[in-house]
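The numbers in full-length UniProt numbering rise by one with no breaks, and the one at position 153 of the sequence shown is 153. Using N, Cα and C, we set each Cβ at its ideal position, and we do this for glycine too.
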Amino acid sequence: GALLALSKPPGLPVLGHPGELSLEALLPALRQRLGLPAELHVVKAPARECSGLVLLSSCHRATEQIQQFFTDARRRGQYPVTYRAVTVGVPAEAEGEIRAGLCWQQQGDTTVVVPVPSPGRRSLARKEVKSTLTRYRVLGAAGGCALLQLQPRT
């Protein structure tokens, strides 16, 4: 079966309510557009509030095996998802952790996800803010910019 990767924007849920735009609701049209014989399954996708790569499969068995790989890795304390980013500015430490919160914020007629550097316990308990942890390592730096390796842990 086919494996596909696509970029999901923040705010798009994987599963939605009836009539709501969601990744699952778009899969039949994507399958048809690509001319795939089998339906597509979501293997791995970022949360609604996050952008990132979505991994899709047209093979149910492959979907289960890859999902099991990620589940087993998390249980062992391993995080196989790694991103690279170019930043303006170079972190003071060559490696470290970024702890921050994420929350929804209305900007005009658009709702966006914004960082909350030090979320309070109440906002976390009420689930107004989602706590995140990302490990980073500077792979190189030049001209005031850096290439980072990022591994989300949450």
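Using a C-beta cut-off of 8 Å, the region 2-9 makes contact with the region 44-52, since at least three inter-stretch Cβ pairs fall below that distance. Linking GLU20 to VAL14 through their CA atoms gives a straight-line distance of about 11 Å. DSSP places HIS60 in the uninterrupted alpha helix (DSSP H) bounded by 60-75. A Cβ-Cβ separation of about 18 Å leaves ALA62 out of contact with LEU23 under the 8 Å criterion. A distance below 8 Å between beta-carbons, with the five flanking residues on each side excluded, links VAL113 to the following residues of its chain, in chain order: PRO10, GLY11, GLU49, CYS50, LEU102, CYS103, TRP104, GLN105. With contacts defined as CB atoms closer than 8 Å, GLU95 and VAL138 qualify as a contacting pair. A check of alpha carbon separations from GLU128 across THR134, GLY120, ARG135 identifies GLY120 as the nearest. A residue is called buried once 16 or more other Cβ atoms fall within 10 Å of its Cβ, and TYR83, having fewer, is exposed.
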